[in-house]
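Undergrad: Take this structure, written in structure tokens, and hold onto it; I'll ask about it next.
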Amino acid sequence: MTEQRWPTGIFVACFLLSIGANAYMLAPASILPLLVEQFGVTKTAAGFAISAAVLGAVVIQIPGGFLMDRYDNRRLMLAGIAVFGPVAIAGTLFSSYSVFLAARVVAGLAAGGLFVLGTNVVAEVFAGQRQGFVTTLFISSAPVGFAVSQIAGPSLGAAFGWEAPFIAYPLVATLGYVVFRLSRPSAIRSGQPISVQEFRAAFHNRAVLLVATAGCCSYLLYIFLNSWMPTYAAAELPLTLSQAGAVTALLPAVGVIARPTGGWLSDRLGYRRRAVVIASFALALPAFVVISQAISTLLFAGVMLGVGFSLQFGMGIYYVYARELSAPDVTATSLTIFTTISFTGTLIAPPLGGWLVERLSWGPTFFVYIGIGILGILLVALTPDSSPNAVESR
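According to the numbering used here, the sequence shown holds residues 1441 to 1834 in order.
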């Protein structure tokens, strides 16, 4: 545990950093027509602007974990913000879409690094009995960032041009870094600097790999619903695409409540992370059966709210669970092994969902995802329960 003179300030700083980073990752989603017009590309090509940043975020995870375990996290945060802001802004200064995508990849590297770095910092500063709740409260910054992007993006783009969101969100992250420095943090790292051998050994931790793969299953379900439910509702219900998107927005929005609730409950249950994650899957899967039937708009909205809560109820726990299952000096590396494998679900889910719908139709596709959820339950069932004591004892 890393003692700090103002831990609340550090938490607020990391929360702001995460909001800016996650809002930037999703920034193109709400202004795709503006990108199509600006760069003269198709809607499909414009969609790659999202994938480019996600790809960068996935690539940085494992190297970032090694650096977080080896070096003072304060220096890494400075490096991350020094790359994120300038590169994100520079990407808006060129008329070439290829250059813009390249900038998105590099800025995505920094944004993804800042998010997992913030997770590690918060977990270190609040290690012990409050870790589950405080870490999952921090993880709720991700859906807050998504919501900020969806709400503010169109207004910023209309008022100041397509470049505005890509400039504004890094500025939010920069504000977070200013708060971080004002909090005057002392050195933050997971333990003693690790060796290359210890780094390699982290990849053979069976429990962490099982949790990471289960996390991939959760993200496959979550991102599939986020990506395809507007299209499904517009086709199957008396809703326009815009209305269907607004109803589907209930799914990520409820994560602001669901993620810290899962952390609080697991702490209250004696740090039983596994039970909460299994319950998250079990409560979510019936929603896929309900959606596959002919339902009303009101019931669809209720299902989006319920499945969004149940899935995210367990998703924040993974970050704590992976750290607690790791060897003491490689908790950051174990965390990034988790994020690398689980975030792969974010990359795979949209094209996999589209391919399944095209080949099988909607009904069978929902049951494929039920199978993915059952696989997630089995993986977690094979994983031992963890304890915060090992993390706190450092």
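Glycine included, every Cβ here is placed at the ideal spot set by N, Cα and C.
Since we're looking at a predicted model, the values are computed, not measured.
1. Quick one: residues in its chain with C-beta nearer than 8 Å to the C-beta of A1830, no 5 flanking neighbours on either side, listed in chain order?
2. Could you check what DSSP says for S1833 in three-state terms: helix, strand or coil?
3. Note down the Cα distance separating A1641 from A1734, rounded to an integer number of angstroms.
4. In three-state DSSP terms, what is Y1758?
5. Is the beta carbon of A1613 sitting closer than 8 Å to the one on F1540?
6. Decide yes or no for the touch test of the region 1710-1724 against the region 1782-1789: beta carbon pairs closer than 8 Å, at least 3 of them.
7. Quick one: Cα of F1749 to Cα of A1582, how far?
8. Inspect the beta-carbon positions of Y1464 and A1587 and report whether they are closer than 8 Å.
9. State buried or exposed for I1450, treating a residue as buried only when at least 16 other CB atoms are found within 10 Å of its CB.
10. Under the rule that 16 or more other beta-carbon atoms within 10 Å means buried, what is I1628, buried or exposed?
11. Relative to the C-alpha of M1755, which candidate in W1795, I1697 and L1739 has its C-alpha closest?
12. Using CA atoms only, rank isn't needed, just tell me which of I1718, F1753, A1674 and R1714 is closest to T1701.
13. Is G1585 helix, strand or coil by DSSP?
14. In angstroms with no decimal places, state the Cα-to-Cα distance between G1803 and I1731.
15. Just to confirm, are F1639 and V1770 a CB contact at a threshold of 8 Å?
16. Within the continuous alpha helix (DSSP H) that includes E1477, where are the two ends?
17. Cβ of I1777 within 8 Å of Cβ of I1502?
18. Just to confirm the assignment: which complete beta strand (DSSP E) runs, minimum length 3, are found wholly within the region 1459-1541?
19. Can you tell me where the alpha helix (DSSP H) holding R1624 begins and where it ends?
20. Compute the distance between the beta-carbons of R1544 and A1489, then report whether it is under 8 Å.
21. S1766 by DSSP, collapsed to three states: which one?
22. Do you know whose CA, among L1649, F1455 and R1799, lies nearest T1823's CA?
TA: Once the coordinates are examined:
1. What you label residue 1830 is simply residue 390 of the sequence shown in a count that begins at 1. Since pLDDT at A1830 reaches only 47, below the 50 mark, its modelled position is unreliable, and no value is offered.
2. For this step, residue 1833 is matched to residue 393 along the sequence shown. Per-residue confidence for S1833 stands at a pLDDT of 44, beneath the threshold of 50, marking its modelled position as unreliable; the derived number appears in the next sentence. Coil.
3. As a first step, residue 1641 is located in the sequence shown; it is residue number 201 there, counting from the start. As a first step, residue 1734 is located in the sequence shown; it is residue number 294 there, counting from the start. In this model, A1641 and A1734 are separated by some 50 Å (Cα to Cα).
4. Residue 1758 sits at position 318 when you count from the first residue of the sequence shown. Three-state DSSP puts Y1758 in a helix.
5. The residue given as residue 1613 occupies position 173 in the sequence shown. The residue given as residue 1540 occupies position 100 in the sequence shown. No.
6. Judged by Cβ distances under 8 Å, the region 1710-1724 makes no contact with the region 1782-1789, as fewer than three pairs qualify.
7. In the sequence shown, counting from the first residue as 1, residue 1749 sits at position 309. In the sequence shown, counting from the first residue as 1, residue 1582 sits at position 142. Cα to Cα, F1749 sits roughly 14 Å from A1582.
8. Locating residue 1464 in the sequence shown gives position 24, counting from the first residue. Locating residue 1587 in the sequence shown gives position 147, counting from the first residue. The answer is no: Cβ separation not under 8 Å.
9. For this step, residue 1450 is matched to residue 10 along the sequence shown. Burial call: buried.
10. Numbered from 1 along the sequence shown, position 188 holds the residue referred to as residue 1628. Under this definition I1628 is a buried residue.
11. Position 315 of the sequence shown, counted from the first residue, corresponds to residue 1755. Between M1755 and the set W1795, I1697 and L1739, the nearest pair of CA atoms involves I1697.
12. Stepping through the sequence shown from its first residue, residue 1701 is reached at position 261. Checking every option, the nearest Cα to that of T1701 belongs to F1753.
13. To locate residue 1585, count along the sequence shown from 1; it is residue 145. G1585 falls in the helix class under three-state DSSP.
14. To locate residue 1803, count along the sequence shown from 1; it is residue 363. To locate residue 1731, count along the sequence shown from 1; it is residue 291. G1803 and I1731 have their C-alpha atoms roughly 9 Å apart.
15. Taking the first residue of the sequence shown as 1, we reach residue 1639 at position 199. Taking the first residue of the sequence shown as 1, we reach residue 1770 at position 330. Yes, these two residues count as a Cβ contact at 8 Å.
16. As a position in the sequence shown, residue 1477 is number 37, starting the count at 1. In this chain, the alpha helix (DSSP H) harbouring E1477 covers L1472 to F1479.
17. Stepping through the sequence shown from its first residue, residue 1777 is reached at position 337. Stepping through the sequence shown from its first residue, residue 1502 is reached at position 62. In this structure, I1502 lies closer than 8 Å to I1777 by Cβ.
18. Listed in chain order, nothing qualifies, since the region 1459-1541 has no complete beta strand (DSSP E) run of 3 or more residues.
19. The residue given as residue 1624 occupies position 184 in the sequence shown. DSSP places R1624 outside any alpha helix (DSSP H), giving it a letter other than H or E.
20. Sequence index remark: in the sequence shown, residue 1544 carries index 104 (1-based). Sequence index remark: in the sequence shown, residue 1489 carries index 49 (1-based). Cβ distance < 8 Å, so R1544 and A1489 count as in contact.
21. Within the sequence shown, residue 1766 is the residue found at index 326, counting from 1. Collapsing the DSSP output to three states places S1766 in coil.
22. Here residue 1823 refers to the residue found at position 383 when the sequence shown is read from its first residue. Minimum Cα distance to T1823 is reached at L1649.
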